[in-house]
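Engineer:
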Amino acid sequence: MPAQADEAIREKVLAVADRLYYSRGIQAVGMDALRAEAGVSLKRLYQLFPSKESLVEEVLHRRRQIWNQLVEAAVATGETPRARLLAVYDMLARWFDEDDFRGCVFINTFGELGASTPRIADLVREHKAQFQARLAELIAEAGGPASLAFQLAILAEGAQTTAAIAGTSEAAGHARTAAATLIDSALAERAQ
43 MPAQADEAIR EKVLAVADRL YYSRGIQAVG MDALRAEAGV SLKRLYQLFP SKESLVEEVL
103 HRRRQIWNQL VEAAVATGET PRARLLAVYD MLARWFDEDD FRGCVFINTF GELGASTPRI
163 ADLVREHKAQ FQARLAELIA EAGGPASLAF QLAILAEGAQ TTAAIAGTSE AAGHARTAAA
223 TLIDSALAER AQ
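Here it is in structure tokens:
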């Protein structure tokens, strides 16, 4: 089979796996269900992804790219360093309002597999650390202290979990208000 066809099938399987895992949970979706939904043979599925864990890893890599694109698109809308930081919470609000929002796929995956699958746990930790590092870059641009990145990341993570449980986007607004307070306080302290 030509490489282009292989890649198309691989992308289709990844898209189906992403959708099913996100909507139903990873452990609830067996390889047979995935095979049937993607329209590929089980043999072909295992040729593309030697294990369910390898498939989950690829789904997480794909989601990391999507997340990074969302963050960067949001940040690009801000005219000042402060506005760029707060734009992340505006992006969260839009995401939380999507019909298929089920919380953070990384938090959900860690909850399902983190204790039993060290490689998956590491991928989730890497993703969260990368997000915090990006916030730290934005904070540095604003002239704020590095410690603020951890605080703003916790607000974003908490908002994601709260929004998934509550079923509303209100948590993003509360997190944004808290983030503005923290940013303004940290910048005022630096200015003194």
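Counting in this note's numbering, the sequence shown runs from 43 upward without gaps. Ideal Cβ placement from N, Cα and C applies to all residues, glycine included.
(1) Identify the continuous alpha helix (DSSP H) that holds PRO160 and give its terminal residues.
(2) Below 6 Å CB to CB, which residues in the same chain sit around LEU177 once its five sequence neighbours on both sides are set aside?
(3) Helix, strand or coil: which one does DSSP assign to ILE68?
(4) Here's the rule I'm using: 16 or more other beta-carbon atoms within 10 Å means buried, otherwise exposed. How should GLN202 be labelled?
(5) Measure how close the beta-carbons of ILE225 and GLY200 come, nearest whole angstrom, since I'm counting them as under 8 Å.
(6) Drop a sphere of 10 angstroms on the beta-carbon of ARG66, count the other beta-carbons inside from all chains shown, and report buried for 16 or more, exposed for fewer.
(7) With DSSP collapsed to three states, give me the class of PRO123.
(8) Out of ALA57, TYR64 and LEU90, which one is the CA nearest neighbour of ASP48?
(9) Quick check on this structure: which residue in ARG77, ARG105 and ARG61 has the alpha carbon closest to the alpha carbon of VAL166?
(10) Just mark ALA217 as buried or exposed, buried being the case when its beta carbon has 16 or more other beta carbons within 10 Å.
(11) When you compare only the Cα positions, how much space is there between LEU62 and LEU112?
(12) Can you round the beta-carbon distance between PHE143 and ALA206 to whole angstroms, since I take them to be within the 8 Å contact cut?
(13) Assuming contact is defined by CB atoms lying nearer than 8 Å, are ASP141 and ALA116 in contact in what I supplied?
(14) Put GLY153 into one of helix, strand or coil per three-state DSSP.
(15) Considering only the alpha carbon of each residue, which of PRO160, ALA135, VAL71 and ARG124 lies closest to GLY209?
(16) Among the residues of its own chain, which have a CB less than 6 Å from the CB of PHE148, if the five just before and after it don't count?
(17) Measure the C-alpha to C-alpha separation of GLU121 and LYS85 and round it to an integer number of angstroms.
Structural biologist: Answer, in terms of the structure:
(1) Counting along the chain, the unbroken alpha helix (DSSP H) around PRO160 starts and ends at 160 to 184.
(2) Taking LEU177 as the centre and dropping the five residues before and after it, the same chain places the C-beta of ALA191, LEU194 and ALA195 closer than 6 Å to its C-beta, in chain order.
(3) coil
(4) buried
(5) Actually they are not in contact, since the Cβ atoms of ILE225 and GLY200 sit about 16 Å apart, beyond 8 Å.
(6) exposed
(7) helix
(8) That would be LEU90, whose Cα lies nearest to the Cα of ASP48.
(9) ARG105
(10) buried
(11) 21 Å
(12) 7 Å
(13) Contact: no.
(14) helix
(15) ALA135
(16) Excluding positions up to five away in sequence, the list reads VAL166 and HIS169.
(17) 52 Å
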